[in-house]
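Peer 1:
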Amino acid sequence: MNSRYFAKKIFQSIITILIVLTISFILFRVMPGDPTSMFVKSGIDPEVAAQIKASYGLNLPIYQQYFVYIKNALMGDFGTSFSFKKPVMEVIGNRLPNTLLLALCAQTLAIAFGILFGTVAAAHRGKKIDVGLLGIALLIYAIPAFWFGMVLLVIFGVKLGWVPLFGMMTPGLRNVSTFTYIKDVAHHLIIPTVTLGLAIFGSYVMIMRSSLLDVFTEDYINTARAKGFSRKYIIRKHALPNAMLPMVTVIATSIGFIVAGAIQTETVFTWPGVGTLLLKALTTRDYPLLQGSFLITSFAVVAANFIADIIYMYIDPRIRYE
Amino acid sequence: MKKIFSLLLILILMLSLTACGTSNTDGGSTPAAETPAEKHIVNLGITAFPTNTNPFTQTMQADHNALRMYESLVQQDAATLEFKGVLADSWSVSDDGLGWTIKLKEGVKWHDGETFDADDVMFTYSAILDNLENENAGFSRKSDVKSIEKIEKKGDYEVLFTTKTPVANFLDTPLQVIYIVPEHIFGKMSVAELIEFTNSNPIGTSPWKLVGEFNAQNTELEFERNEDYYGTKPNVDGLLFILFENSDTMYQAFKAGSIDMFSPSGTQAEELATDANVEVIKNLQPKLTEIGVNSSDDPRSTVNKSLKIKEVRQAINLALDKQKLIDDVLKGVGYAGTTIVPTSAGKWHLEGEHEYSPEKAIALLEKAGFTDFETVQISGRDVKVRKNAAGDTLVFRLALLTDGYAWHYRDSALYIVKWLEEVGIGLELQSMDGSALGDLMDLESDSFCDYDLYIWGWTPGYDPGFILTVLTTDQIGGRQEVMYSNPEYDALVDLQITQVNVDERLKTVHKAQEIILEDAPYIPLYYQGAYDAFRKDKYEGFIQFAGDGTIFNNETYINIKPVAK
Amino acid sequence: MEKLNHKKQIKRDKFEVRMRNFKRFAKSFFGNRIGTIGFIMVVLFFVIAFVGPKVYPYSTIDVGKGPMMAPPSAAFIFGTDHLGRDLFGAIIHGTKTSLIVGFSAAFISISIGTIIGLIAGFIGGRLDSLLMRFTDGMMVLPKLPLIMVLSALLGTNIRNIILVIGFTGWTGTARLVRSQALSIRERPYIERAKSIGAGSFYIMYKHILPNVFPVIFANTILATASAILAEASLSFLGLGDPLSVSWGQVLNGAFVNGAVSIGAWWYFVPAGVAIILLVLSFTFVGYSFDEILNPKLRGR
Numbered sequence: 007m008n009s010r011y012f013a014k015k016i017f018q019s020i021i022t023i024l025i026v027l028t029i030s031f032i033l034f035r036v037m038p039g040d041p042t043s044m045f046v047k048s049g050i051d052p053e054v055a056a057q058i059k060a061s062y063g064l065n066l067p068i069y070q071q072y073f074v075y076i077k078n079a080l081m082g083d084f085g086t087s088f089s090f091k092k093p094v095m096e097v098i099g100n101r102l103p104n105t106l107l108l109a110l111c112a113q114t115l116a117i118a119f120g121i122l123f124g125t126v127a128a129a130h131r132g133k134k135i136d137v138g139l140l141g142i143a144l145l146i147y148a149i150p151a152f153w154f155g156m157v158l159l160v161i162f163g164v165k166l167g168w169v170p171l172f173g174m175m176t177p178g179l180r181n182v183s184t185f186t187y188i189k190d191v192a193h194h195l196i197i198p199t200v201t202l203g204l205a206i207f208g209s210y211v212m213i214m215r216s217s218l219l220d221v222f223t224e225d226y227i228n229t230a231r232a233k234g235f236s237r238k239y240i241i242r243k244h245a246l247p248n249a250m251l252p253m254v255t256v257i258a259t260s261i262g263f264i265v266a267g268a269i270q271t272e273t274v275f276t277w278p279g280v281g282t283l284l285l286k287a288l289t290t291r292d293y294p295l296l297q298g299s300f301l302i303t304s305f306a307v308v309a310a311n312f313i314a315d316i317i318y319m320y321i322d323p324r325i326r327y328e
Numbered sequence: 040m041k042k043i044f045s046l047l048l049i050l051i052l053m054l055s056l057t058a059c060g061t062s063n064t065d066g067g068s069t070p071a072a073e074t075p076a077e078k079h080i081v082n083l084g085i086t087a088f089p090t091n092t093n094p095f096t097q098t099m100q101a102d103h104n105a106l107r108m109y110e111s112l113v114q115q116d117a118a119t120l121e122f123k124g125v126l127a128d129s130w131s132v133s134d135d136g137l138g139w140t141i142k143l144k145e146g147v148k149w150h151d152g153e154t155f156d157a158d159d160v161m162f163t164y165s166a167i168l169d170n171l172e173n174e175n176a177g178f179s180r181k182s183d184v185k186s187i188e189k190i191e192k193k194g195d196y197e198v199l200f201t202t203k204t205p206v207a208n209f210l211d212t213p214l215q216v217i218y219i220v221p222e223h224i225f226g227k228m229s230v231a232e233l234i235e236f237t238n239s240n241p242i243g244t245s246p247w248k249l250v251g252e253f254n255a256q257n258t259e260l261e262f263e264r265n266e267d268y269y270g271t272k273p274n275v276d277g278l279l280f281i282l283f284e285n286s287d288t289m290y291q292a293f294k295a296g297s298i299d300m301f302s303p304s305g306t307q308a309e310e311l312a313t314d315a316n317v318e319v320i321k322n323l324q325p326k327l328t329e330i331g332v333n334s335s336d337d338p339r340s341t342v343n344k345s346l347k348i349k350e351v352r353q354a355i356n357l358a359l360d361k362q363k364l365i366d367d368v369l370k371g372v373g374y375a376g377t378t379i380v381p382t383s384a385g386k387w388h389l390e391g392e393h394e395y396s397p398e399k400a401i402a403l404l405e406k407a408g409f410t411d412f413e414t415v416q417i418s419g420r421d422v423k424v425r426k427n428a429a430g431d432t433l434v435f436r437l438a439l440l441t442d443g444y445a446w447h448y449r450d451s452a453l454y455i456v457k458w459l460e461e462v463g464i465g466l467e468l469q470s471m472d473g474s475a476l477g478d479l480m481d482l483e484s485d486s487f488c489d490y491d492l493y494i495w496g497w498t499p500g501y502d503p504g505f506i507l508t509v510l511t512t513d514q515i516g517g518r519q520e521v522m523y524s525n526p527e528y529d530a531l532v533d534l535q536i537t538q539v540n541v542d543e544r545l546k547t548v549h550k551a552q553e554i555i556l557e558d559a560p561y562i563p564l565y566y567q568g569a570y571d572a573f574r575k576d577k578y579e580g581f582i583q584f585a586g587d588g589t590i591f592n593n594e595t596y597i598n599i600k601p602v603a604k
Numbered sequence: 024m025e026k027l028n029h030k031k032q033i034k035r036d037k038f039e040v041r042m043r044n045f046k047r048f049a050k051s052f053f054g055n056r057i058g059t060i061g062f063i064m065v066v067l068f069f070v071i072a073f074v075g076p077k078v079y080p081y082s083t084i085d086v087g088k089g090p091m092m093a094p095p096s097a098a099f100i101f102g103t104d105h106l107g108r109d110l111f112g113a114i115i116h117g118t119k120t121s122l123i124v125g126f127s128a129a130f131i132s133i134s135i136g137t138i139i140g141l142i143a144g145f146i147g148g149r150l151d152s153l154l155m156r157f158t159d160g161m162m163v164l165p166k167l168p169l170i171m172v173l174s175a176l177l178g179t180n181i182r183n184i185i186l187v188i189g190f191t192g193w194t195g196t197a198r199l200v201r202s203q204a205l206s207i208r209e210r211p212y213i214e215r216a217k218s219i220g221a222g223s224f225y226i227m228y229k230h231i232l233p234n235v236f237p238v239i240f241a242n243t244i245l246a247t248a249s250a251i252l253a254e255a256s257l258s259f260l261g262l263g264d265p266l267s268v269s270w271g272q273v274l275n276g277a278f279v280n281g282a283v284s285i286g287a288w289w290y291f292v293p294a295g296v297a298i299i300l301l302v303l304s305f306t307f308v309g310y311s312f313d314e315i316l317n318p319k320l321r322g323r
């Protein structure tokens, strides 16, 4: 039972990763122009170029190229970045923690408030507060994250001067204590966190609300009601834990959305993360870096979905006995 | 579940606490103020980060900032424009003008303690000279040394350069532009290794030592004072170049006091003028910004062949109201462009006024046979463009750079589109960054010459020797981006470099400019001046190059000191 | 004669049934306040998009028409941008771009999604699981990076942006249509049609497609909203055509030219509000559709 489910999920993830790899292979090799130009910077010494081509199997027939490519990608070898002249993995690795920091803070914020407001809305179903919260959630879906970031910047950065306008820390910060350093980063983190957090917060409210409403119709809630427990007690003790189940999946699948939101948010705040790196790779036609950051973000999403499935397996008894 | 929930709450609480804490205590001041008082590091804002620290392959202007640990033999004084010895102690020219004897300074040490001597000079020049014909050796300074016949070591601290002909600007090119590298580090490498060398721990002789390893992925580049420097030591402890993704964030950082000097845009300069802690100066040693017209006839190139017609190129030039660009885009800091040698070259610049005449442009186009019209869709608009009897339409692609320094290209481009449409020429804008455009100009590239027009610029020095060479035939695949070739022009450029008599050289230089004006492979848009700004509440002693130029120069860096409080 | 009348009668009956259905639908749709508001807003946007440009001329190359970065005034009610262009004109003309990109991209993605979903759901078996695996894979791909990469490789103009958004956004529709097709497949009349020898494509076209159509329609409206957002993001990131008029392009101009740091709110607030309102009106309409057509949601 357990292990079968586990194996099935692993198999699905592998298939998805293969699909991602294949799409990216087609995109970068078969599309326009000479595929080798994507990997070998023009104007390079012909001998060196030949060496690089050989190491990526670019002199082989296309189907063999495919296998070399899969092998390299699975081993984390995405080639050397044109603009940074360093392995793509290393370049991305330098930026990844910054994006993770931002994404984690934003998720935390969004989850906390999503659960809170979703619960409030469900508890007051049909009343003004519920309609209001629903309206806000719909509105948030319609707000582009980058625009919201700009508005926040003008209000809190320019007009009020409470927060810095860009970056992850004050430029030129040297010889300071760790505490000052952390304080500086936290100061820079506030508005980006709110911006990205808000972008995902709306869907959390909706999911939490409808999943709670689902739970309210279950028999055990009625039983509890019949027993005369207070509403608050029922929601906290019985409804909430069960309503959290769908949230887990939504949170995990929202990773993909966070990636998109992060590109916009990082751009607005010049946050030195993977999103701005991807944009830079795009504008500088740094194809190895572009492919690398694209694949790594996709892998992250696949991994998040897999983890969600596994967590789900542990917390949802129905799946276990499937 | 409850546990998770409370954990989340605690996290949020902590986050908001730190947030409130910082916003309350910090306000507008910055942590940079907490730097111990005895260290004075000047923070400079830049919008392009150097790509490498290898002087042999340096190509971009931004790379100069990563090469501050190196020195050349001589250098032009920022105030007097006279050449003075740096690694050279003195120099003398033989009577026939062919032999340059350079006496080197003794007692100069490389940053790693090794002694500097004639071997280092010999190695640096020989590495390039020995590979002039080697196509695989992509030394960026090849054309700067090609006037040299040979170089000989005359002693531990003396070398002799022999040139093929007398060279008018030998002190400028090559002596000022070639950085001397340590033979004990570079000497062991093969040519291919020299080209690929990333040189992340560069060892130089200058008053500045690089702090840490060079990494093109960083956003900060720090130098510290070389305490063992043989010449005048800087007053400040270090220089910190900080990369900004766009000029807007740089402006904010300057206002907040995080950086001490930068070059603001026109609008920003206006805003800063009222700030008492800030000095804004005009840099009137302008750079050349031009429209390059691709006239390649390479079969691989997708260029619109109508650009090969001289009248079409001239018409483009006539259709542009360049003064409007100075007023609107550059906010008055600059001059309308005419010839390839900008006004910063003083007497070398050929005087003349730009003629803005759409009527003449139209007349030229009609003369060239473009009398019919066709309506085409460009970016969702109907544009009436001219075509000739053969059906060739005047629709060109304009490569538009996305880099931070190219903000005025992008603004100017919309004006240019408008003016050219008025005479019946359609433009499509293609956004790309400088390195992508550079790739399109690479002879080996698969997308070689896949562009019609572009806007880019040069920052030539005072001597016209350099800027004139960017259009010679031998620079195709090198510095040339427009595939222009005119033997008469090539001959004039070769001639002027040998004319030691200033008046004779002046005539030749002017004549060469006239040819470019007529052929119009380059359409100079403007000579763009700039604003520089610095915090006068923190530092003093800034020196403008040649009296009215930029403050971003070596003399400034050595001379500035903290304001006495 | 008799036969003909009979046929006519059937036709008339069919028509009446449809009209009655439509009326019932319209009644419940307009009975829904959110749906009505959304519908009115969408109509308004259409008027602005297709009548506006005719009465209010504007072009991206109208540089220097007014003062630079000027706040709203009588002459320029939304102010001007950094090149003195009229921002009100940009909003009016940008509406059309947004609607065209939104609808065209949504049409492409819905078509692809419907075809894949129908085939998977109706034919089933190996083909179904193959198609669904592929859909899952596509679903997981982070959309914006994929769109960015594609548009960079293809080149950025409005046509490519439409194609790229269209070809990446079909996964949700495919899943939805498949599940609908699966449930309809089991209905008795499909069995009957099969037993009298109707071909797969005939059944799909004649019986299944009309039944899944309402779902597709509601989906199209929501897909349009997300395509509009995608275009705005893409243009904002500087991947649009600098000569095209679009709200995202305006926001990009505002961001790149420092409207934020000098507090020039008029440069980006109207464009942002326009995006929000348009997306919101589509979501309102889509939601009410969903509520009517998807009885499960009713009463919530």
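Residue numbers (the numbering used here), protein chains in the order written: chain A, 7 to 328; chain B, 40 to 604; chain C, 24 to 323. For glycine and all other residues, C-beta sits at the position ideal for the given N, C-alpha and C. Quantities reported herein were computed from a predicted structural model and do not represent experimental measurements.
Considering Cα atoms alone, identify which of S258(C), K217(C), I251(C) is closest to S470(B).
Peer 2: S258(C)
Peer 1: According to the neighbour-count rule (16 or more other Cβ atoms, all chains shown, within 10 Å of its Cβ), is D502(B) buried or exposed?
Peer 2: buried
Peer 1: Entirely within the segment 205-268 of chain C and at least 4 residues each: give me those alpha helix (DSSP H) ranges in chain order.
Peer 2: 211-218, 223-226, 232-259
Peer 1: Which residue or residues does DSSP assign as beta-bridge partners of E329(B)?
Peer 2: W495(B), P563(B)
Peer 1: Please list the segments of the beta strand (DSSP E) lying wholly inside the segment 119-184 of chain B, counting only runs of 3 or more residues, in order along the chain.
Peer 2: 122-124, 127-132, 138-143
Peer 1: Alpha carbon to alpha carbon, how far is R201(C) from L154(C)? Give it in angstroms, no decimals.
Peer 2: 10 Å
Peer 1: Using the Cβ count rule (16 or more neighbours within 10 Å means buried), how would you classify A312(B)?
Peer 2: So A312(B) counts as exposed.
Peer 1: Quick check on DSSP: helix, strand or coil for F235(A)?
Peer 2: Correct three-state label for F235(A): coil.
Peer 1: Does I494(B) have its Cβ less than 8 Å from a Cβ in chain A?
Peer 2: no
Peer 1: Below 8 Å on the Cβ atoms is my contact criterion, and I expect L271(C) with S249(C) to pass it. Report the Cβ-Cβ distance as a whole number of Å.
Peer 2: The sequence shown places Gly at residue 271(C), rather than the Leu named in the question. Actually they are not in contact, since the Cβ atoms of G271(C) and S249(C) sit about 14 Å apart, beyond 8 Å.
Peer 1: Put W153(A) into one of helix, strand or coil per three-state DSSP.
Peer 2: helix
Peer 1: Taking only runs of the beta strand (DSSP E) that begin and end inside the segment 314-385 of chain B, which ones reach a length of at least 3 residues, in chain order?
Peer 2: 317-332, 373-375
Peer 1: Chain B partners of S267(C), CB-CB under 9 Å?
Peer 2: S418, G419, R420
Peer 1: What separation, rounded to the nearest whole angstrom, lies between the Cα atoms of H105(C) and S152(C)?
Peer 2: 54 Å
Peer 1: Taking the C-alpha atoms as reference points, what is the distance between T92(B) and I23(A)?
Peer 2: 39 Å
Peer 1: Interface residues of chain A around S297(B) at Cβ under 8 Å?
Peer 2: T176, P177, G178
Peer 1: Express the C-alpha separation of D481(B) and G516(B) in angstroms, rounding to a whole number.
Peer 2: For G516(B) and D481(B), the distance between alpha carbons rounds to 6 Å.
Peer 1: Would DSSP call F412(B) helix, strand or coil?
Peer 2: strand
Peer 1: Using a 10 Å radius around the Cβ and a threshold of 16 neighbouring Cβ atoms, would you call I68(A) buried or exposed?
Peer 2: exposed
Peer 1: What are the start and end residues of the alpha helix (DSSP H) that includes G277(B)?
Peer 2: Per DSSP, G277(B) lies in no alpha helix (DSSP H); the unbroken beta strand (DSSP E) holding it starts and ends at 277-282.
Peer 1: At 7 Å on the CB atoms, spell out the chain A contacts of A179(B), in chain order.
Peer 2: The question names Ala, but residue 179(B) in the sequence shown is Ser. Within chain A, no residue comes near S179(B); the closest Cβ sits about 11 Å away, beyond 7 Å.
Peer 1: Taking L171(A) as the query, report the chain B residues whose CB atoms sit under 9 Å from its CB, ordered along the chain.
Peer 2: D287, T288, Q291, A292, A295
Peer 1: Helix or strand or just coil, what does DSSP make of G470(B)?
Peer 2: One detail in the question is off: residue 470(B) reads as Ser in this sequence, not Gly. If DSSP states are grouped into helix, strand and coil, S470(B) belongs with the strands.
Peer 1: Please name the residue, chosen from M92(C), F278(C), K77(C), F62(C), that lies closest to Q270(A) on a Cα-to-Cα basis.
Peer 2: F278(C)
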